[in-house]
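In what follows, a single structure is set out as structure tokens and then discussed.
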Amino acid sequence: MTAYQDFSKIAAIVLASLLFFAGGCQPEAPIPYEPYEETPPPDDPTDLAIYQLQKEYQTKIIYRYDRRYKSADAFAVPPRQELVLPYIENVIRKLFIAPYDRQRTDFMREHMPIEMIMFGTSMDYVEGGERNFSASGLAYGLSRVIITGVNDYDMANASWLRGQYATLHHEFAHVLDKIYGRPIGFDEVSKGLYAGGTAYGAFSQAEARSRGFWRNYGMTNESEDFATWVDGLMTTPKEEVMEIVEANDYLKQKYLLVYNFYLDKGIDIHVLQEYLQDILTNL
Numbered sequence: 026m027t028a029y030q031d032f033s034k035i036a037a038i039v040l041a042s043l044l045f046f047a048g049g050c051q052p053e054a055p056i057p058y059e060p061y062e063e064t065p066p067p068d069d070p071t072d073l074a075i076y077q078l079q080k081e082y083q084t085k086i087i088y089r090y091d092r093r094y095k096s097a098d099a100f101a102v103p104p105r106q107e108l109v110l111p112y113i114e115n116v117i118r119k120l121f122i123a124p125y126d127r128q129r130t131d132f133m134r135e136h137m138p139i140e141m142i143m144f145g146t147s148m149d150y151v152e153g154g155e156r157n158f159s160a161s162g163l164a165y166g167l168s169r170v171i172i173t174g175v176n177d178y179d180m181a182n183a184s185w186l187r188g189q190y191a192t193l194h195h196e197f198a199h200v201l202d203k204i205y206g207r208p209i210g211f212d213e214v215s216k217g218l219y220a221g222g223t224a225y226g227a228f229s230q231a232e233a234r235s236r237g238f239w240r241n242y243g244m245t246n247e248s249e250d251f252a253t254w255v256d257g258l259m260t261t262p263k264e265e266v267m268e269i270v271e272a273n274d275y276l277k278q279k280y281l282l283v284y285n286f287y288l289d290k291g292i293d294i295h296v297l298q299e300y301l302q303d304i305l306t307n308l
């Protein structure tokens, strides 16, 4: 075969390839424009309250039972439907969201968990050992908070209300912990003094305080230590807190770290406690 024939063969192959790709690259049909259509507000009052909360804070309230929201070894019942709306209006809005928003208007819009799952009872774990306990609330990272005890809703019961908002702020402390991390140095204050697991039950309140914990449940791990300090400060008058932390340096250090953690974000935890206490006082 001559050089001319070789060149002609190569040219034919190249030309065929170009024709193939030219034929294969047909222009695509344009994707039709579909304007955004906002979902109309629901007619049901409960679903409307959930819809409005999601629009304001990008958080979704889920109250219809779905077993995906609890582990296989846990037992809990769904909330009574007629209690969901008053719980949203009087507990979530007034006792959970409002205390922060009145100090910094954008705080909860920036930090609300993505989902809040409501159950009517506590979350009971029945497998025995360290899993044999009841949980009044749970937090999963920064995306989900489990609310329990809704079926006991009673705005005239100060003890129930205090327990509900203490749990909500405790679980929210876990959310903030995941977003920002605990205050620098917090984990070092009681290093080596944690009990772990359910062993915290063997320690009295006095023993826990001597090690720098607000209560013995905080001895479980550093995360619960932080969250129990938060709910403790939110349910205890400032004067009483000051007396408690004077007992030892462990308590003083943790108090200042937790208090300043919130203050740096525009929230005075003592002002928040006073607001909540005023609500209970004026029931």
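First residue of the sequence shown? That's 26 in our numbering, and the numbers climb one at a time after it.
Glycine residues also receive a C-beta, built at the ideal position from the N, C-alpha and C atoms.
Residue i: buried (16+ other C-beta within 10 angstroms of its C-beta) or exposed?
{"i": "C50", "result": "Annotation note: pLDDT 41 at C50 (below 50); position unreliable, coordinate value reported separately. With fewer than 16 other Cβ atoms within 10 Å, it is exposed."}
{"i": "R169", "result": "buried"}
{"i": "R207", "result": "buried"}
{"i": "T245", "result": "buried"}
{"i": "G257", "result": "buried"}
{"i": "A231", "result": "exposed"}
{"i": "T306", "result": "exposed"}
{"i": "Q30", "result": "Any reading at Q30 must be qualified, since the residue scores a pLDDT of 49, below 50, and its modelled position is unreliable; no value is offered."}
{"i": "P211", "result": "The question names Pro, yet the displayed sequence has Phe at residue 211. It is buried - the Cβ of F211 has at least 16 other Cβ atoms within 10 Å."}
Can you give me the Cβ contacts of residue i inside the same chain, cut-off strictly under 8 Å, excluding the 5 residues immediately before and after it?
{"i": "E249", "result": "Y242 and G243"}
{"i": "N115", "result": "M180"}
{"i": "E271", "result": "K277"}
{"i": "R105", "result": "G145, V175 and N176"}
If we ignore side chains and look at the alpha-carbon of each, how far apart do residue i and residue j end up?
{"i": "W254", "j": "G237", "result": "10 Å"}
{"i": "I75", "j": "K216", "result": "42 Å"}
{"i": "I204", "j": "R240", "result": "24 Å"}
{"i": "Y284", "j": "K263", "result": "11 Å"}
{"i": "L282", "j": "V296", "result": "17 Å"}
{"i": "F286", "j": "E268", "result": "21 Å"}
{"i": "A160", "j": "A227", "result": "Low confidence applies to A160: its pLDDT is 45, below 50, so where it sits in the model is not reliable enough to give any reading."}
{"i": "N157", "j": "A224", "result": "With a pLDDT of only 39 at N157, under 50, the local geometry of the prediction cannot be trusted, and no value is derived from it."}
{"i": "S229", "j": "T64", "result": "53 Å"}
Assuming residue i and residue j form a contact by the criterion Cβ under 8 Å, report the distance between their Cβ atoms to the nearest whole angstrom.
{"i": "Y88", "j": "M143", "result": "4 Å"}
{"i": "T84", "j": "L78", "result": "6 Å"}
Take residue i and list the residues in its own chain whose beta-carbon comes closer than 7 Å to its own, dropping the five residues that flank it on each side.
{"i": "L301", "result": "L120, P124, Y190 and M259"}
Which residues in the same chain have their Cβ closer than 6 Å to the Cβ of residue i, if we skip the five residues on either side of it in sequence?
{"i": "V102", "result": "G145 and T146"}
{"i": "L218", "result": "R236"}
{"i": "E81", "result": "none"}
{"i": "D293", "result": "none"}
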